[in-house]
Amino acid sequence: MNRDVIVEYVPLYVEALGRTVHIGLVGILGAILLGLGSSLILYFQVKGFRRLTRAYIELFRNTPLLVQLFFLYFGLPKLGLRITADFCGMLGLALIGGSYMAETFRSGLEAVDRIQFESAKSLGMSPWQTFFYVILPQAVSTSVPGFVANMIFLLKETSVFSAISVMDLMFTAKDLIGMEYKTMEALTLLVVFYLIMLLPVSVLGSLVERRVRYGSYGD
Amino acid sequence: MSETILKIDHLQKQFDSHVILKDVSLSVKKGEVIVIIGPSGCGKSTFLRCINGLEDIQSGDILLENRSIVGNTTQIQKERQRIGMVFQSYDLFPHKTVLDNVTLAPRKVQKRDKAEVEKEGLQLLDRVGLASKQNAYPRQLSGGQKQRVAIVRALAMHPEILLFDEVTAALDPEMVHEVLETMLELARSGNTMLIVTHEMSFARAVADRIVFLDEGGIVEEGTPEEFFEHPKTDRAKKFLASFEYHR
Chain A
11 MNRDVIVEYV PLYVEALGRT VHIGLVGILG AILLGLGSSL ILYFQVKGFR RLTRAYIELF
71 RNTPLLVQLF FLYFGLPKLG LRITADFCGM LGLALIGGSY MAETFRSGLE AVDRIQFESA
131 KSLGMSPWQT FFYVILPQAV STSVPGFVAN MIFLLKETSV FSAISVMDLM FTAKDLIGME
191 YKTMEALTLL VVFYLIMLLP VSVLGSLVER RVRYGSYGD
Chain B
-19 MSETILKIDH LQKQFDSHVI LKDVSLSVKK GEVIVIIGPS GCGKSTFLRC INGLEDIQSG
41 DILLENRSIV GNTTQIQKER QRIGMVFQSY DLFPHKTVLD NVTLAPRKVQ KRDKAEVEKE
101 GLQLLDRVGL ASKQNAYPRQ LSGGQKQRVA IVRALAMHPE ILLFDEVTAA LDPEMVHEVL
161 ETMLELARSG NTMLIVTHEM SFARAVADRI VFLDEGGIVE EGTPEEFFEH PKTDRAKKFL
221 ASFEYHR
């Protein structure tokens, strides 16, 4: 491995990391919102939206992200919607992530004992107060491990963005290999940069997990 | 002990065609402690749940100081806050500390001042011997302690009537006593209480009136002495005999 090559490449990877993290975070934020909304529709069995939500989740959970991205990237312009590759990545990530998050949040909600509703009602709490102060905090604490796993999964999935020419980490590595044949250096840096992105998420995730689960589950 | 605070008037409860409670009427006076006993499946718990609005009823009425509390309007929900309930399985909020369990509803529902509610919550916890557990989580408590916290949580709302639904049924025998002592103390200090229990000696000690429920209807009622010493109906005699053992 050539040290000079690595030093030369690092700034390119830093830039790509920034882009990857940016797209990843926006996508994940979208996924959280979509997932939360969907899980609430399923949990409260909201009429009219339930089937649609179910269909959305099954469609996006059971097709590869790459296929979804192709549909968005090449399909939307045909409908007259011009979007950038970066935005397409965010949208794709939000959609697939939303379907995973929905199931995670829903199982968290289902895990809360139904009798907690009665307990809260007997104390005079309104349905909204019950949900906000009693059900949701418990559901969130059970969902955290699944949520962290989803987050890591989604950040890793950004590696397929290169297929629609988003200049992310994967794209940068492939580009450099194609141009300069410094395969070893380019791939090593790729691994290192994915770790730089994901290790903190893992570590932070376990910390948050321990904290929010403290009340219900352990010392 | 004169004015009627709660009146149940020809209450009928059924699940589909299965009748749980038929034509049950009962008047509760202020400060009165009524113990409802009867074989399992007779509708005792359902009766309490109807009073607290956890079950809908098919006909009849439930009147709190002459005003109906049947239904689910905001006004009725508000009225219902005057009735507190303690459940068999405690049902504390597992993600909140003991003190937060106690203060949540007074703060959010009654919009009372946090400092004031916490002060009162601590006094109440102290009364049941649990002030030192204020920062513990429910899972760190024994069953008896959880149930005492659940009682305090209900008390913190300043209810005028307390409903107890087999609150010692899930407890280990040595925990039963501490919870029943707490309830006896509440009864002595003049609270209006409706208690469903299988603890006969406790029923006898705490009750002003025993109501014997069987097959969805009130079969017999009277003072503890009348009921336990001279039960009038065969069904009550048979029920009481089931608590005795002969060699």
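Protein chains in written order, with my numbering: chain A, 11 to 229; chain B, -19 to 227.
Positions of the beta carbon are idealized from the N, C-alpha and C atoms, including for glycine.
Query                                                                                                                                                                               : Result
Does DSSP classify F219(B) as helix, strand or coil?                                                                                                                                : helix
Here's the rule: buried if 16 or more other CB atoms are within 10 angstroms of the residue's CB, otherwise exposed. What is F75(B)?                                                : As written in the sequence, residue 75(B) is His, which differs from the Phe given in the question. H75(B) comes out buried.
Taking 7 Å as the limit between beta carbons, can you name the residues of its chain near K2(B), skipping five residues before and five after?                                      : Q(-8), G196, G197
Just by C-beta distance, which residues in the region 114 to 135 of chain A are closer than 7 Å to chain B?                                                                         : I125, Q126, E128, S129, K131, S132, L133, G134, M135
Since L166(B) and M155(B) are thought to touch, with beta carbons under 8 Å apart, how far apart are those beta carbons, to the nearest angstrom?                                   : Wrong, their Cβ atoms sit about 17 Å apart, outside the cutoff.
Does the pairing of the region 72 to 91 of chain A with the region 133 to 141 of chain A give three or more beta-carbon distances under 8 Å?                                        : no
Could you give the distance in angstroms between the alpha-carbon of Q114(B) and the alpha-carbon of G123(B)?                                                                       : 16 Å
G107(A) and G28(A) - do their beta-carbons sit closer together than 8 Å?                                                                                                            : no
In angstroms with no decimal places, state the Cα-to-Cα distance between V68(A) and V158(A).                                                                                        : Here the sequence assigns Glu to residue 68(A), which means Val is not the residue at that position. One C-alpha to the other measures close to 21 Å.
My output table needs one value for Q38(B): the three-state DSSP class, helix, strand or coil.                                                                                      : coil
Output, in chain order, the set of chain B residues within a Cβ distance shorter than 7 Å of V144(A).                                                                               : F73
State buried or exposed for M161(A), treating a residue as buried only when at least 16 other CB atoms are found within 10 Å of its CB.                                             : buried
In three-state DSSP terms, what is E253(B)?                                                                                                                                         : Given a span of -19 to 227 for chain B in the structure shown, any question on residue 253(B) remains unanswerable.
Which residue marks the beginning of the beta strand (DSSP E) containing L174(B), and which one marks its end?                                                                      : 172 to 176
In the DSSP assignment, find the unbroken beta strand (DSSP E) run with I145(A) in it and report its ends.                                                                          : Note, I145(A): premise wrong, no beta strand (DSSP E); not H, not E.
Classify P211(B): buried if its beta carbon has 16 or more other beta carbons within 10 angstroms, exposed otherwise.                                                               : buried
Going along chain A in order, which residues have a C-beta closer than 8 Å to the C-beta of N270(B)?                                                                                : In the structure as shown, chain B starts at -19 and stops at 227, and residue 270(B) therefore has no counterpart that could be examined.
Give a yes or no on whether 8 Å exceeds the smallest Cβ distance from V27(B) to chain A.                                                                                            : A quick correction: the sequence has Phe, not Val, at residue 27(B). So, not an interface residue.
Can you tell which of G47(A), V122(A), Y19(A), G34(A) has the C-alpha that lies nearest to the C-alpha of T182(A)?                                                                  : Y19(A)
Excluding the 5 residues flanking K166(A) on each side, which residues of the same chain have their C-beta closer than 8 Å to its C-beta?                                           : Y204, L208
Note the first and the last residue of the continuous alpha helix (DSSP H) segment covering I31(B).                                                                                 : 24 to 31
Report the residue ranges of all alpha helix (DSSP H) runs contained in full by the region 98 to 177 of chain B; include only those spanning at least 4 residues, in chain order.   : 123 to 135, 153 to 168
So if DSSP puts F(-5)(B) in a beta bridge, which residue, or which two residues, is it bridged to?                                                                                  : H(-2)(B)
Looking at chain B, is there any beta carbon in it that lies within less than 8 Å of the beta carbon of P210(A)?                                                                    : no
Which residues mark the beginning and the end of the alpha helix (DSSP H) in which R71(A) is found?                                                                                 : 60 to 71
Kindly list the residues whose CB is nearer than 8 Å to the CB of G64(B), restricted to its own chain and excluding five residues on each side of it in sequence; keep chain order. : A134, L135, M137, P139, I141, L142, L143
Count the CB pairs spanning the region 213 to 220 of chain A and the region -18 to -9 of chain B that are closer than 8 Å, and state whether there are at least three.              : no
Express the C-alpha separation of A116(B) and K9(B) in angstroms, rounding to a whole number.                                                                                       : 37 Å
Under the rule that 16 or more other beta-carbon atoms within 10 Å means buried, what is P21(A), buried or exposed?                                                                 : exposed
Under the assumption that E104(B) contacts V132(B) (Cβ atoms under 8 Å), give the Cβ distance between them as a whole number of angstroms.                                          : Looking at the sequence itself, residue 104(B) is Leu, so the reference to Glu does not match. Indeed they touch by this definition, with Cβ atoms about 5 Å apart.
So which residues of chain B does S151(A) contact, with C-beta pairs closer than 8 Å?                                                                                               : H75
I'd like the list of long-range same chain contacts for T168(A), defined as Cβ closer than 6 Å, with 5 residues on each side in sequence excluded.                                  : T30, G34, D178
Expressed to the nearest angstrom, what Euclidean distance is found between the alpha-carbon atoms of T213(B) and V199(B)?                                                          : 8 Å
Under the DSSP definition of a beta bridge, which residues are partnered with S48(B)?                                                                                               : L43(B)
Please report the straight-line C-alpha distance between M111(A) and K88(A), rounded to a whole angstrom.                                                                           : 30 Å
Under 7 Å between beta-carbons, which chain B residues line up against P147(A)? List them in chain order, please.                                                                   : H75
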